[in-house]
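Colleague:
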Amino acid sequence: MGSPPVSPQQGRSAGPPFLLDTHIWFWYLTGSPRLPDGLRNAIDAASGSLWLSPISVWELGVLEERGRVRLKPDFRTWVQQAFLRVPLEEAPVNREVALASREIELAHRDPADRFLAATARVFGLTLLTVDERLTRSRGVRTRSG
Numbered sequence: 154m155g156s157p158p159v160s161p162q163q164g165r166s167a168g169p170p171f172l173l174d175t176h177i178w179f180w181y182l183t184g185s186p187r188l189p190d191g192l193r194n195a196i197d198a199a200s201g202s203l204w205l206s207p208i209s210v211w212e213l214g215v216l217e218e219r220g221r222v223r224l225k226p227d228f229r230t231w232v233q234q235a236f237l238r239v240p241l242e243e244a245p246v247n248r249e250v251a252l253a254s255r256e257i258e259l260a261h262r263d264p265a266d267r268f269l270a271a272t273a274r275v276f277g278l279t280l281l282t283v284d285e286r287l288t289r290s291r292g293v294r295t296r297s298g
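Residue numbers (my numbering): 154 to 298.
What follows is the structure, given as structure tokens:
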């Protein structure tokens with residue numbers, strides 16, 4: 154019993170509900186100028202229709218551990234405060250997501266991206282990302298601007 158295939162819908166027209174890619178979540182919360190205005194506006198307008206995978210929490214922790222981001226006062230507190238600032242639905246990593254992560258076609262093998270793409274597909278969410286490796290994938294609805 155698999156998930157129905159998702160027709161790829163890329164670009165600006167794909168609407169909510171949205172799954173935030175890790176970098177989009179982080180850029181939004183930190184007010185980064187790297188976040189495209191179109192995505193910032195889409196997130197602002199999608200209150201109640203925003204999702205985050207626990208994989209993004211894990212991935213952000215890995216980035217901090219490697220020194221690529223600094224989270225103050227510490228990782229756990231930053232994440233807790235982030236969820237208070239922007240309420241998000243937590244997308245479960247369940248058996249169907251795990252199975253879909255192995256079936257999804259991506260041009261690379263990044264396990265976090267496979268889980269995020271699979272989560273979007275299983276739950277019928279539009280993945281907000283500027284990662285071209287994801288925006289070019291078939292079977293995952295994305296929005297990048």
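In this text, a Cβ means the ideal position worked out from N, Cα and C, and glycines have one as well. Values in this document were obtained by computation on a predicted structure and should not be read as measured data.
Use the C-beta contact count for residue 260: other C-beta atoms within 10 angstroms, 16 or more gives buried, fewer gives exposed.
Modeller: Looking at its Cβ environment, which holds fewer than 16 other Cβ atoms inside 10 Å, residue 260 is exposed.
Colleague: With a 10 Å radius around its C-beta and 16 neighbouring C-beta atoms as the bar for buried, classify residue 218 as buried or exposed.
Modeller: exposed
Colleague: Which two residues bound the contiguous beta strand (DSSP E) that contains residue 269?
Modeller: Segment 264 to 276 is the alpha helix (DSSP H) holding residue 269; no beta strand (DSSP E) there.
Colleague: Less than 8 Å between CB atoms is the rule here; does residue 195 satisfy it with respect to chain D?
Modeller: Looking for chain D here will not work: only one protein chain is present.
Colleague: With DSSP as the reference, label residue 282 as helix, strand or coil.
Modeller: coil
Colleague: Looking only at C-alpha atoms, which of 179, 203, 241 sits nearest to residue 221?
Modeller: 179
Colleague: Using only the alpha-carbon positions, how far apart do residue 253 and residue 204 sit?
Modeller: 18 Å
Colleague: Helix, strand or coil for residue 255? Go by DSSP, reduced to three states.
Modeller: helix
Colleague: Under the three-state reduction of DSSP, which class applies to residue 296: helix, strand or coil?
Modeller: strand
Colleague: Check this for me: beta carbons of residue 280 and residue 269, under 8 Å apart or not?
Modeller: yes
Colleague: What is the rounded straight-line gap between the Cα of residue 190 and the Cα of residue 298?
Modeller: 7 Å
Colleague: Which residue spans inside the region 186 to 255 form an unbroken alpha helix (DSSP H) run of at least 4?
Modeller: 190 to 198, 207 to 218, 228 to 238, all fully within the region 186 to 255.
Colleague: Where does the unbroken alpha helix (DSSP H) through residue 261 begin, and where does it stop?
Modeller: Unbroken run through residue 261: none, as it is neither H nor E.
Colleague: Could you compute how far the alpha carbon of residue 207 sits from the alpha carbon of residue 188?
Modeller: Distance between the alpha carbons of residue 207 and residue 188: 21 Å.
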